[in-house]
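Participant: First, the structure itself, so that you have it in front of you.
Residue numbers (our numbering): 48 to 213.
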């Protein structure tokens, strides 16, 4: 499936600024928004990761559009998300998700900047949504994974992406 990994950019700085008392409600709002974005595109919200989320989707375009919507919707909380999407085999057990695809999606997310969605080449190849365009952002070494990975940034205004449904 299509694995989406998101995280809050500079979450440690936000935590330091807000303190635990301010951070927890922000995180709860973040989690609620992300779950809503995942559900809207028929994904399975697999787990939260402290400052992010891992979700799985049947279609790569749904994962990308869910990420775009989450980025837009969490901005009102004063935070920026970054996201990565990879396609591969995963296994869900005991409310957790396992597999190389999860690690790859997480590493792809690590390469993205605030408000960006990066995807692996297989996602570009499998994506059949004419509303989505991609720009190559070079070959990357992904920690713990073999070889060089060509990665792509989802182009277009994120606010335009989330206006249409998957």
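Heads up, the beta-carbon is just placed ideally off N, CA and C, and yes, glycines get one too.
Note that the structure is predicted; figures quoted are calculated from it, not measured.
1. Rounded to whole angstroms, what is the Cα-Cα separation between residue 59 and residue 128?
2. Ignore the nearest five residues each way along the sequence and tell me which others in residue 136's own chain have a CB closer than 7 Å to its CB.
3. Among residues of its own chain, excluding the 5 on either side of residue 168, which ones have a beta-carbon nearer than 6 Å to its beta-carbon?
4. Apart from the five residues on each side of it in sequence, which residues of its chain come closer than 7 Å, Cβ to Cβ, to residue 183?
5. Have a look at 179, 125 and 113 and flag the residue whose alpha-carbon is nearest the alpha-carbon of residue 65.
6. Might you give, ordered along the chain, the residues of its own chain that have their beta carbon closer than 7 Å to the beta carbon of residue 91, omitting 5 neighbours on each side?
7. Which same chain residues end up closer than 8 Å to residue 62 when comparing Cβ atoms and leaving out the 5 residues on each side of it in sequence?
8. By alpha-carbon positions, which one of 73, 116 and 97 ends up nearest to residue 86?
Facilitator: On the basis of the coordinates in this document:
1. 13 Å
2. 146 and 148
3. 197
4. 197 and 199
5. 125
6. 102 and 103
7. 70
8. 116
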